[in-house]
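Note sheet for the following structure.
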Amino acid sequence: MTLIQAIIIGLYHYVINCKYFVLTQGQFVLGKPLISGLMVGIILGRPIEGMIIGANINLIYMGFVDAGGIRSCDPTVAGTLGTALALASNAGPKEAIVLGSILGVVANFGYTAWMSLNSFFVPLSEKCALKGDFKGMQFWYIVPAQVLFYLIYGLTTTLACYFGAEPVANILNNLPAWVMNGFSAIAVVLPAVGICMNLKAIMNKYTISFFILGFICTIYFGMDMIVITILAIIAAFISIFGVGIPSRRE
500 MTLIQAIIIG
510 LYHYVINCKY
520 FVLTQGQFVL
530 GKPLISGLMV
540 GIILGRPIEG
550 MIIGANINLI
560 YMGFVDAGGI
570 RSCDPTVAGT
580 LGTALALASN
590 AGPKEAIVLG
600 SILGVVANFG
610 YTAWMSLNSF
620 FVPLSEKCAL
630 KGDFKGMQFW
640 YIVPAQVLFY
650 LIYGLTTTLA
660 CYFGAEPVAN
670 ILNNLPAWVM
680 NGFSAIAVVL
690 PAVGICMNLK
700 AIMNKYTISF
710 FILGFICTIY
720 FGMDMIVITI
730 LAIIAAFISI
740 FGVGIPSRRE
């Protein structure tokens, strides 16, 4: 991995997490491991492999919910840095799943550190507010927080991508067979946990019928996943927006 590629991956990771890029749907779309894996793959010139690895990592975080200021893990780091290190070290999807789960948990400390350090800027912003200094208040609210945010999210990702690929590759190549077998077992269990979390969220009286319909289409009719996805999108539009259903006139 070149330094330029590592810098671009770091900037991409900063953008998808930055609150000021909410119009890009940041964490909700671009931050999903499936999408970020594809983007990292494009940056590294291996888009198909990046998408495959990102899709496998995405299974772990299917039921992830970021509620309030508290989170148990960081799927964006798992998607970007996990895919980058997996591709750079020529790791397979199984190793990438384990690597992504570890990075997601460890990186959560970075988010906690950023939130904690931002508290030091609040009194400075309040002093400017009491003086009626709007520009000063705006400066302390935006600039230091974003510089710190880039240092924690962007720069660390760049350094980890550039310097971490070789150590990760050496570790994976020197692991004994029993450890790799353990990784394979974990790689099977972790996606199941993510799928179960997602099922727990959607299993209610309003959505269970769609789940049963998808199950029937897959198991009994043997329909292709792409066809089922298109039908699901159509059903979602009809259910949410009433597309194609004429309004009743009194």
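If you read the sequence shown in this note's numbering, its first letter stands for residue 500, the second for the next number, and so on.
C-beta: ideal position from N, C-alpha, C; glycine also.
Requested in this report: Check each candidate in Gln637, Gly609, Thr611, Ala612 and name the one with the smallest Cα separation from Pro622.
Outcome: Per the Cα distances, Gln637.
Query - Three-way DSSP call (helix, strand, coil) for Gly663 in this model - result: Residue state, collapsed to three classes: helix.
Report task. Could you tell me if Thr611 is buried or exposed, where buried requires 16 or more neighbouring beta carbons within 10 angstroms of its beta carbon? Result -> In this structure Thr611 is exposed. Its beta-carbon is surrounded by fewer than 16 other beta-carbon atoms within 10 angstroms.
Query raised in the report: What residues in its chain sit with their C-beta under 7 angstroms from that of Tyr649, if we drop five residues either side in the sequence?
Result: Taken in chain order, the residues that qualify are Tyr513.
Query raised in the report: Out of Lys704, Ile515, Gly591, which has the shortest C-alpha to C-alpha gap to Ile551?
Result: Comparing Cα positions, the closest option is Gly591.
Query raised in the report: In its own chain, which residues sit with a C-beta less than 7 angstroms from the C-beta of Thr575, not counting the 5 before and 5 after it?
Result: His512, Ile515, Asn516, Gln526, Gly530, Ser535, listed in sequence order.
Report task. Closer than 7 angstroms by C-beta to Thr656: which residues in its own chain qualify, once you throw out the five before and the five after it? Chain order, please. Result -> Once the five neighbours on either side are set aside, the close Cβ partners of Thr656 are Ile508, Gly509, His512, Thr579, Leu580.
Query raised in the report: Is the beta carbon of Asp632 less than 7 angstroms from the beta carbon of Gly603?
Result: No, the Cβ-Cβ distance between Asp632 and Gly603 is not below 7 angstroms.
Query raised in the report: Does the Cβ-Cβ distance between Leu457 and Gly553 come in under 7 angstroms?
Result: Given a span of 500 to 749 for the chain in the structure shown, any question on residue 457 remains unanswerable.
Query - Start and end residues, alpha helix (DSSP H) containing Asn555 - result: Note, Asn555: alpha helix (DSSP H), 546-559.
Query raised in the report: Hey, how far is the Cα of Pro643 from the Cα of Asn607?
Result: The straight-line gap from Cα to Cα measures roughly 20 angstroms.
Query raised in the report: When the Cα atoms are used, what is the spatial distance from Ala734 to Ile556?
Result: For the pair Ala734 and Ile556, the Cα-to-Cα distance works out to about 27 angstroms.
Query - Distance, Tyr652 Cα to Ile670 Cα - result: Ile670 and Tyr652: Cα-Cα distance of roughly 24 angstroms.
Query raised in the report: Any idea if Ala577 is buried or exposed, counting beta-carbon neighbours within 10 angstroms, 16 or more meaning buried?
Result: Buried, because 16 or more other Cβ atoms sit within 10 Å of the Cβ of Ala577.
**Report entry** Proximity of Leu502 and Tyr705 at Cβ, strictly below 7 angstroms
**Finding:** If you check the CB distance, Leu502 and Tyr705 do not come in under 7 angstroms.
Requested in this report: Can you tell me the Cβ-Cβ gap for Ala583 and Val539, rounded? I've got them flagged as a contact below 8 angstroms.
Outcome: Confirmed, Cβ separation roughly 5 angstroms.
Query raised in the report: Would DSSP call Thr501 helix, strand or coil?
Result: Of the three classes helix, strand and coil, the one that applies to Thr501 here is coil, per DSSP.
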